[in-house]
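Numbering (the working numbering), first residue to last: 42 to 543.
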Ligand SMILES: [Zn+2]
């Protein structure tokens, strides 16, 4: 007994000693957070894990900046570890909105991810997705598995493209899942249109506020293969997905979605995989197009706006499932507001009416053309920021935020707009914005703004009180605070005095 007790005491002492050392390491790590490199804190706190030592996060201007670096599984692991609380929170919003709008349960999406998507995903991205799950588990978040994360990565394509296609295949008379809501306003301009003949590119992301309030990640990724990338993004998702970014070879990328698109190929490669791959491996407009076309599944069909800072060339790449077309120039502009341009795409792949000027996509198209013409030769990043915040409605000829203005407010009355007729006062619209020019692209820099680019805050409680028909969102709808415009650069750390890592 004595012997046992002595052993116990010894064990207790050893345990106490380890705890004290761990505490000392923890607090020295905490103290080391605000240093020039910012890496010491993370490495000490997590047992000198060499995978986590390369990664870090800090917060600025409402954004969470994460630096990820290394082999595919390492990048995923860092992503899952550093953003575990945000991924868990985002998953709740995604799973509730996808199941509500599609009238399918979450297991349906898990099965689609497992049987349809996973076998088509490149091995490197399978590793990265598995890494996200492992990283979350290492942080103590054990509820989500690989199928959950893959389905979440497909959140822009499964409910709105796959489900309507499946309904049609199975003659399911359930209401169309696709809401017909528009996604995003964007432009790219070059040559005589811009100040100093730089390329200027800008984009505001339109989603539900339920998603948009969480669309606040700046991903700075240095992969083992391919180009480094700086892009905005959503917790747990490996592609930018809204999309906006620049890679280290000078390719600048954004897009707006094609309204009322239909089409899906279950044997294709998920859009989120192709989009991430193109951002990572395309050094030219041609390479971008080639990667997006390889295994095209029709999901999340977009008009891609592209630019190559090396050549000064800009392009619009309209990517349907049956048809696609590329327009390119070194002197001009392309705008995006969810309208398709190729008559073949319009006729065969959409139900969209390009002549209804009450429709948001057409009204914003007209506004973009007005702004480009009125500012020819003057367009720069400052004007681009103002364009993204624009509230002029070309249909009513009045100024005021609604879902027909470049800065979209879906929760505002928009008389005559067909999407508003389908879903009045929908809490959706512009949820953040980004701007870049050639000079910024050279150092992989852009400016970004959380929330509505005009600066209007969204208050979830007030909205739900006024519009109880959206109470199905009550458990996940949160406030969406706006701004300020904030600059981010690849490879940067938090300045001394700002907290890095959490
Ligand atoms: Zn606005």
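Every residue, glycine too, gets a C-beta built ideally from N, C-alpha and C.
| query | result |
| --- | --- |
| Please name the residue, chosen from 524, 268 and 250, that lies closest to residue 328 on a Cα-to-Cα basis. | 268 |
| Under 6 Å from any heavy atom of ligand 1, does the C-beta of residue 493 make it? | yes |
| Do you know whose CA, among 121, 305 and 172, lies nearest residue 209's CA? | 305 |
| Confirm, please, whether the CB-CB distance from residue 393 to residue 300 is below 7 Å. | yes |
| Determine the DSSP secondary structure at residue 264, reduced to helix, strand or coil. | strand |
| Could you name each continuous beta strand (DSSP E) segment of 3 residues or more that falls completely within the region 397-480, going from the start of the chain to the end? | 469-478 |
| What first and last residue would you give for the beta strand (DSSP E) that runs through residue 287? | 285-288 |
| Please report the residue range of the alpha helix (DSSP H) in which residue 92 lies. | 91-94 |
| Assuming residue 122 and residue 176 make a contact with CB atoms under 8 Å, what is their CB distance in whole Å? | 4 Å |
| As an exercise, report each continuous beta strand (DSSP E) stretch of at least 3 residues that is fully enclosed by the region 289-362, in chain order. | 292-298, 343-349 and 354-360 |
| Which residues in the same chain have their Cβ closer than 7 Å to the Cβ of residue 480, if we skip the five residues on either side of it in sequence? | 239 |
| What are the residues that DSSP puts in a beta bridge with residue 367? | 358 |
| Short of 7 Å in beta carbon distance, which residues of its chain neighbour residue 519, apart from the five on each side in sequence? Order them along the chain. | 254 and 501 |
| In three-state terms, what does DSSP make of residue 150? | helix |
| Suppose contacts are defined by Cβ-Cβ distances below 7 Å. Is residue 273 in contact with residue 259 by that definition? | yes |
| Can you give, in chain order, each stretch of the alpha helix (DSSP H) that sits fully within the region 126-189 and has at least 4 residues? | 147-152 and 164-179 |
| For residue 438 and residue 422, what's the separation of their Cα atoms in angstroms? | 26 Å |
| Is residue 276 near ligand 1, judged by its Cβ being under 6 Å from some heavy atom? | no |
| What number of angstroms, rounded off, separates the C-alpha of residue 280 from the C-alpha of residue 294? | 12 Å |
| Confirm, please, whether the CB-CB distance from residue 350 to residue 375 is below 7 Å. | no |
| How would you write the range of the beta strand (DSSP E) that residue 105 sits in, first residue to last? | 104-111 |
| When the Cα atoms are used, what is the spatial distance from residue 237 to residue 505? | 47 Å |
| Under 6 Å from any heavy atom of ligand 1, does the C-beta of residue 497 make it? | yes |
| Determine the contact status of residue 399 and residue 341, defining contact as a CB-CB distance below 7 Å. | no |
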